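Written out below as structure tokens is the structure these notes cover.
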Amino acid sequence: MALNNASDMLTKFKDPALCRNLLDKIRAELPGPLAFMEVCGTHTVAIFQSGLRSLLPEEIRHLSGPGCPVCVTHEGEVAAFLELARKDNVIIATFGDLMRVPGPKGASLKQAQAEGCRIEIVYSAFDALALARKHPESWVVFLGVGFETTAPTVAATIKVAKEQGLENFLVFAMHKLVPPALAALLQDPEVNVDALILPGHVSTIIGVEPYRFLADQHGVPSIITGFEPLDILQALLLIIDQRKNGQPQVFNQYSRAVADNGNPKARETMTEVFTVSDALWRGLGRIPESGLALAGEYHRFDALTTLDVQVQDLPPLPGCRCGDVLKGKMQPNHCPLFSKTCTPATPVGPCMVSTEGSCAAYYKYAL
Amino acid sequence: MCLAVPMEVKHINTELNVADVEIAGVKRQVRLDIIDYPAAVGDYVIVHAGFALRRLDREDALETLKLFQEGLNLQVH
Ligand code: SF4
Numbered sequence: 071m072a073l074n075n076a077s078d079m080l081t082k083f084k085d086p087a088l089c090r091n092l093l094d095k096i097r098a099e100l101p102g103p104l105a106f107m108e109v110c111g112t113h114t115v116a117i118f119q120s121g122l123r124s125l126l127p128e129e130i131r132h133l134s135g136p137g138c139p140v141c142v143t144h145e146g147e148v149a150a151f152l153e154l155a156r157k158d159n160v161i162i163a164t165f166g167d168l169m170r171v172p173g174p175k176g177a178s179l180k181q182a183q184a185e186g187c188r189i190e191i192v193y194s195a196f197d198a199l200a201l202a203r204k205h206p207e208s209w210v211v212f213l214g215v216g217f218e219t220t221a222p223t224v225a226a227t228i229k230v231a232k233e234q235g236l237e238n239f240l241v242f243a244m245h246k247l248v249p250p251a252l253a254a255l256l257q258d259p260e261v262n263v264d265a266l267i268l269p270g271h272v273s274t275i276i277g278v279e280p281y282r283f284l285a286d287q288h289g290v291p292s293i294i295t296g297f298e299p300l301d302i303l304q305a306l307l308l309i310i311d312q313r314k315n316g317q318p319q320v321f322n323q324y325s326r327a328v329a330d331n332g333n334p335k336a337r338e339t340m341t342e343v344f345t346v347s348d349a350l351w352r353g354l355g356r357i358p359e360s361g362l363a364l365a366g367e368y369h370r371f372d373a374l375t376t377l378d379v380q381v382q383d384l385p386p387l388p389g390c391r392c393g394d395v396l397k398g399k400m401q402p403n404h405c406p407l408f409s410k411t412c413t414p415a416t417p418v419g420p421c422m423v424s425t426e427g428s429c430a431a432y433y434k435y436a437l
Numbered sequence: 030m031c032l033a034v035p036m037e038v039k040h041i042n043t044e045l046n047v048a049d050v051e052i053a054g055v056k057r058q059v060r061l062d063i064i065d066y067p068a069a070v071g072d073y074v075i076v077h078a079g080f081a082l083r084r085l086d087r088e089d090a091l092e093t094l095k096l097f098q099e100g101l102n103l104q105v106h
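As you go down the protein sequences, you meet chains A and B in turn.
Position one of the first sequence corresponds to residue 71 (the numbering used here), numbered consecutively onward.
Position one of the second sequence corresponds to residue 30 (the numbering used here), numbered consecutively onward.
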């Protein structure tokens, strides 16, 4: 194959001729209706943006599950970080996506910032360390959201903070774990999912093993999938294959980025700093052992304990159907508020805020 | 925010444990704390939130592409 460099190689994964042929094959092989769910914001965007969604046969239904970390940040967590932001001596360091995520009564970090709270957007948890060094008189609280992909980056940052003896750096750990959420979803009798496209970069860290139960206990074909159009089409073909031969499996399509055992070094860092705990998910509620809390000697970095703030299990925002959207029970455009009171410029719920949210993707691409 | 992208390693600073990476003219510096396989200049690494997560396996990528063509009996130019 004449590929001069790695960049050529990456372009090949978008090749239109190869895509068309895979699509033809899918059409020819499809044995009947198929509802597949992806649980990664990047997949959501990739499927819409590449135009795949409109090219797939009508019998294939694409559902976006709880794969956008910002969207699953619970109302109670938003209330808690707003409480942190309003404390005198606190600077909040956050990924930009969290700025407009609405909590109770539609309040957000953006609003808090306008009211004078000190909030800084960072690209990486690591950047928050520089902020802490620059403002030794304040607490710098990093808002730790994200799945298994992000949690090790935050864990590594906390380790460096400890090594450097940074006393004023804190983390509000809201990280969430994908496999327990999938287990909770599949146990819900109202959720109808025939197959799963598993998140490629979460899998880069956790590997194949933690997903085995999907096929073994639930009989759901589940494919760890890359993010290019060819990857997604190949995953669909693999699903069709498994449905035809009646042998659901967990398969790693994205082996160029996912080793079967994941990234043990990243996992070690994660388990050194964090311990598994229960977590509240927006729309899904409390899921046992689906979150991460600061462990042992790292507990002193915990923002909630240090600054005496609690997360409360608050009710969903009135009118917002994010919960049903995140479970694939409702298409975003069937929400009564969709594109009426709820738009990307005036989001009512988090699924309309993040560019990776299902409602935002529908608004942008499916209208 | 869960976006992770492959970027090419341009320079490595082992002392600071960072690498300079680039894709399509976008340059970043990333931490190497959690990458499990030492990356070299010229490798592609998956970058997320300021950290390199893993080296992209080039041979494996070529294998996957080859499967596409063979399975489809197509010529990749
Ligand atoms: S359209 Fe808006 S209100 Fe409706 S579910 Fe989506 S985010 Fe919530």
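Cβ coordinates follow ideal geometry from the N, Cα and C atoms, glycine included.
Computed from a predicted structure; not experimentally measured.
Residue of the options minimising C-alpha distance to residue i
i, options, result
"T413 of chain A", "A:P280, A:G398, A:M400, A:Y435", "A:Y435"
"P139 of chain A", "A:N159, A:P388, A:L247", "A:L247"
"E218 of chain A", "A:A430, A:Q382, A:S360", "A:S360"
"L240 of chain A", "A:L133, A:L88, A:A182, A:V160", "A:V160"
"L45 of chain B", "B:A90, B:Y66, B:V59", "B:V59"
"L350 of chain A", "A:N91, A:P136, A:V109, A:Q323", "A:P136"
"A69 of chain B", "B:T43, B:E88, B:A90", "B:T43"
"T227 of chain A", "A:D394, A:V148, A:A202", "A:A202"
"Q257 of chain A", "A:A231, A:V290, A:V215", "A:V290"
"D348 of chain A", "A:K204, A:H245, A:D378, A:G393", "A:H245"
"M107 of chain A", "A:C429, A:I96, A:R97, A:R131", "A:R131"
"I75 of chain B", "A:H271, A:L236, A:I310", "A:H271"
"T425 of chain A", "A:K84, A:D85, A:G102, A:H113", "A:H113"
"L255 of chain A", "A:K314, A:L307, A:L354", "A:L354"
Contact with chain A by residue i, beta-carbon distance below 8 Å
i, result
"D49 of chain B", "no"
"L82 of chain B", "yes"
"M45 of chain B", "The amino acid at residue 45 of chain B is misidentified as Met; the sequence shows Leu. No, L45 of chain B does not count as interfacial toward chain A."
"L32 of chain B", "yes"
"H40 of chain B", "no"
"G54 of chain B", "no"
"A69 of chain B", "no"
"D86 of chain B", "yes"
"G79 of chain B", "yes"
Within-8 Å CB hit, residue i to chain B
i, result
"N159 of chain A", "no"
"Y281 of chain A", "no"
"N333 of chain A", "yes"
"M71 of chain A", "Its pLDDT being 45, under 50, M71 of chain A is placed unreliably in this model, and the value from its coordinates should be taken loosely. So, interface residue."
"D197 of chain A", "yes"
"T223 of chain A", "yes"
"Y368 of chain A", "no"
"R326 of chain A", "yes"
"S194 of chain A", "yes"
"C421 of chain A", "no"
"K180 of chain A", "no"
"H271 of chain A", "yes"
"A336 of chain A", "yes"
"T295 of chain A", "no"
"I275 of chain A", "yes"
"A349 of chain A", "no"
"T411 of chain A", "no"
"P259 of chain A", "no"
"A430 of chain A", "no"
"A365 of chain A", "no"
Boundaries (first-last residue) of the beta strand (DSSP E) holding residue i
i, result
"P358 of chain A", "355-364"
"M36 of chain B", "34-42"
"I294 of chain A", "292-295"
"V76 of chain B", "73-77"
"L307 of chain A", "Element bounds for L307 of chain A: not the beta strand (DSSP E) but the alpha helix (DSSP H), 299-315."
"E367 of chain A", "Where E367 of chain A is concerned, there is no enclosing beta strand (DSSP E), given that its DSSP letter is neither H nor E."
"L350 of chain A", "344-351"
"G289 of chain A", "Element bounds for G289 of chain A: n/a, residue is neither H nor E."
Residue i vs residue j beta-carbon contact at 8 Å
i, j, result
"V263 of chain A", "G398 of chain A", "yes"
"P318 of chain A", "A285 of chain A", "yes"
"A78 of chain B", "T220 of chain A", "yes"
"A363 of chain A", "L104 of chain A", "no"
"C89 of chain A", "L387 of chain A", "no"
"P172 of chain A", "P420 of chain A", "yes"
"N238 of chain A", "T274 of chain A", "no"
"A327 of chain A", "L85 of chain B", "yes"
"A373 of chain A", "P222 of chain A", "no"
"Y324 of chain A", "I294 of chain A", "yes"
Host alpha helix (DSSP H) of residue i (start-end)
i, result
"D49 of chain B", "It is not in any alpha helix (DSSP H) - D49 of chain B instead sits in the beta strand (DSSP E) that spans 47-52."
"I228 of chain A", "221-233"
"N322 of chain A", "Careful: N322 of chain A lies outside any alpha helix (DSSP H), inside the beta strand (DSSP E) at 320-322."
"D94 of chain A", "86-99"
"F118 of chain A", "111-119"
**Request:** Can you check the region 261-287 of chain A for any alpha helix (DSSP H) of at least 4 residues that lies completely inside it and give the ranges in chain order?
**Result:** Whole alpha helix (DSSP H) segments, 4+ residues: 270-276, 282-286.
**Message:** Ignoring anything shorter than 4 residues, give me the alpha helix (DSSP H) runs that lie fully in the region 134-190 of chain A, in order along the chain.
**Reply:** Complete alpha helix (DSSP H) runs here, min 4: 145-155, 179-184.
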